[in-house]
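Data block below; observations after.
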Amino acid sequence: MKISFPDGKVKEYPEGTTGFEIAKSISEGLSREALGIFVNDRKYDLSRQIYEDAPVRIVTFKDDEGKEIFWHSSAHLMAEAIAAIYPGVKFGVGPAIENGFYYDVDLPGDSVISLEDLPRIEEKMRELSKSESEYKRIEISWDDAVKHFKQVGDEYKLELLDGLKDDQITFYQQGNFIDLCRGTHVPSTGMIKYIKLTSVAGAYWRGDSDRKMMTRIYGITFPKKSMLDQFLLLLEEAKKRDHRKLGKELDIFMLTPNIGGGLPVWLPKGTTMRRILEDFMREEQIKRGYVEVITPHIGNLELYKTSGHYPYYADSQYPPMKVEDEQYILSPLPQLNITAVLGCFIIPER
Numbered sequence: 015m016k017i018s019f020p021d022g023k024v025k026e027y028p029e030g031t032t033g034f035e036i037a038k039s040i041s042e043g044l045s046r047e048a049l050g051i052f053v054n055d056r057k058y059d060l061s062r063q064i065y066e067d068a069p070v071r072i073v074t075f076k077d078d079e080g081k082e083i084f085w086h087s088s089a090h091l092m093a094e095a096i097a098a099i100y101p102g103v104k105f106g107v108g109p110a111i112e113n114g115f116y117y118d119v120d121l122p123g124d125s126v127i128s129l130e131d132l133p134r135i136e137e138k139m140r141e142l143s144k145s146e147s148e149y150k151r152i153e154i155s156w157d158d159a160v161k162h163f164k165q166v167g168d169e170y171k172l173e174l175l176d177g178l179k180d181d182q183i184t185f186y187q188q189g190n191f192i193d194l195c196r197g198t199h200v201p202s203t204g205m206i207k208y209i210k211l212t213s214v215a216g217a218y219w220r221g222d223s224d225r226k227m228m229t230r231i232y233g234i235t236f237p238k239k240s241m242l243d244q245f246l247l248l249l250e251e252a253k254k255r256d257h258r259k260l261g262k263e264l265d266i267f268m269l270t271p272n273i274g275g276g277l278p279v280w281l282p283k284g285t286t287m288r289r290i291l292e293d294f295m296r297e298e299q300i301k302r303g304y305v306e307v308i309t310p311h312i313g314n315l316e317l318y319k320t321s322g323h324y325p326y327y328a329d330s331q332y333p334p335m336k337v338e339d340e341q342y343i344l345s346p347l348p349q350l351n352i353t354a355v356l357g358c359f360i361i362p363e364r
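Position 50 (the sequence shown) corresponds to 64 in this note's numbering; numbering is contiguous.
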């Protein structure tokens with residue numbers, strides 16, 4: 015078969031050659047750093063055989079697609095660690111995100127995961143990494159996939175399978191952990207050595223406030239220690255510049271549990287700064303032909319479902335408030351700009 019590369023070169027390989035073998039034929043260094051391969055613009059595991067003439071592109075951690083593969087594989091490694099520490103845990107979804115990954119988990123009984131538990135999970139991940147378990151892609155029929163998750167009593171995966179009846183179903187397994195997943199994954203857990211779990215939050219299953227509240231664990235991983243060190247340094251620098259810290263030190267605003275987290279009381283200095291910015295914005299917008307209207311700070315939940323804010327940002331919004339037979343939610347717009355904090359939308363005059 016003829017394999018073409020991004021630089022325009024074409025080489026012949028036997029049918030059934032894997033992405034790893036192609037990477038190794040280019041250089042030993044690339045074979046060590048390769049995380050996945052795109053074949054005809056489709057993601058493949060490096061261990062997957064190729065049987066067609068195709069353009070290919072090998073990705074490493076330098077590529078966005080490589081980071082996505084690395085972090086999605088890390089989510090599976092974290093899930094394996096959590097399953098080992100909390101037997102009976104059930105898993106929702108565990109995607110890669112812009113900076114790292116998360117996994118939503120339903121813990122057994124009265125179990126709770128807090129920030130204090132993260133180092134223990136990290137240590138288990140490192141232990142599992144040393145086993146260098148291969149990420150194995152398993153093609154399975156939809157009926158057999160349903161049978162498997164019925165046996166283990168995982169209602170979350172069964173619900174996901176309901177929407178996949180017409181798709182090719184694949185599981186991925188590494189070590190003792192197996193999960194419903196499209197892939198792609200790195201060759202083995204041994205590539206994931208430098209780990210930092212960053213936070214814990216609550217997340218409704220599938221973003222629906224009427225569904226189960228799960229535990230969402232965030233983390234990030236790197237293939238090199240220097241990358242993790244740089245990330246931790248930037249994290250510390252960001253903490254020094256945290257607006258909550260600076261707001262207190264500079265007497266800009268005050269936060270008190272008597273009012274509620276994230277609800278600042280603007281002190282004289284902060285109020286002066288705020289008024290100056292508001293006046294500047296208002297003057298500039300009026301110069302450009304905008305006029306103001308005032309809208310409520312809360313709205314009917316259906317409005318935000320229609321706009322797309324609630325389905326996609328439910329986890330980062332305040333939960334709905336039930337008033338008689340309707341549900342209301344705090345407008346997400348106050349988070350967007352200073353003018354909107356006042357409840358003002360600025361629209362061009364026509």
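We put the CB at the ideal spot given by N, CA and C, even for glycine.
Given N113, which residues of its chain have a CB within under 8 angstroms of its CB, disregarding the five upstream and five downstream residues? I234
Work out the CA separation of D181 and Y149 for me, nearest whole Å. 21 angstroms
With a CB to CB cut of under 7 angstroms and the five nearest residues on each side skipped, what residues in its chain are close to L44? A37, I72
Taking the beta carbon of A217 as the centre, do at least 16 other beta carbons fall within 10 Å, making it buried, or is it exposed? buried
Tell me, please, whether the region 196-203 touches the region 165-173 by the rule of three or more beta-carbon pairs shorter than 8 angstroms. no
Which term fits F105, buried or exposed, when burial requires 16 or more other beta carbons within 10 angstroms of its beta carbon? buried
Residues sharing a beta bridge with N314, DSSP: Y342
Span separating the alpha-carbon of G108 from that of E297: 46 angstroms
So is E94 buried or exposed if we call it buried at 16+ other beta carbons inside 10 Å? buried
Return the Cβ separation of I51 and G33 in integer angstroms, given the expectation that the two are a contact with Cβ distance under 8 angstroms. 3 angstroms
From the DSSP output, which residues share a beta bridge with F105? V119
Could you check where the beta strand (DSSP E) with A215 kicks off and where it finishes? 208-218
Check whether I192 and L211 have beta carbons under 8 angstroms apart: no
If we ignore side chains and look at the alpha-carbon of each, how far apart do K283 and L269 end up? 15 angstroms
Alpha helix (DSSP H) segment containing M205, residue limits: Premise fails: M205 is in no alpha helix (DSSP H) and is neither H nor E.
With C-beta atoms as the reference, is G30 less than 8 angstroms away from Y65? yes
Excluding the five sequence neighbours on either side, which residues of its own chain have a C-beta within less than 8 angstroms of the C-beta of F245, listed in chain order? K210, I234, F236
Here's the rule I'm using: 16 or more other beta-carbon atoms within 10 Å means buried, otherwise exposed. How should I343 be labelled? buried
Of the residues M205, D329, Y27, S88, which one's Cα is nearest the Cα of K144? M205
Hey, L174 and L142: beta-carbon distance below 8 angstroms or not? no
Would the beta-carbon of L91 fall within 8 angstroms of that of V214? no
Which residue's Cα is closest to the Cα of P20: I40, V70, Q63, G313? V70
4-residue-minimum alpha helix (DSSP H) runs that sit fully inside the region 158-188, ordered along the chain: 169-176
Any heavy atom of the ligand SAM within a distance shorter than 7 angstroms of the CB on R134? The ligand SAM is absent from the structure shown, which contains no ligand whatsoever.
Candidates E26, K16, V24, E136, of which the one nearest Y208 by Cα: E136
Using a Cβ-Cβ cutoff of less than 7 angstroms, which residues in the same chain neighbour R151 once the five nearest sequence positions on both sides are dropped? D59, R62, T184, Y186, G197
Rounded to whole angstroms, what is the Cα-Cα separation between E79 and D224? 34 angstroms
For Q165, count neighbouring C-beta atoms within 10 Å of its own C-beta (all shown protein chains included) and say buried if the count is 16 or more, exposed if not. exposed
Alpha helix (DSSP H) runs wholly inside the region 244-327, at least 4 long, in chain order: 257-263, 282-301, 315-321, 323-327
Would you call S87 buried or exposed, if buried means 16 or more other Cβ atoms sit within 10 Å of its Cβ? buried
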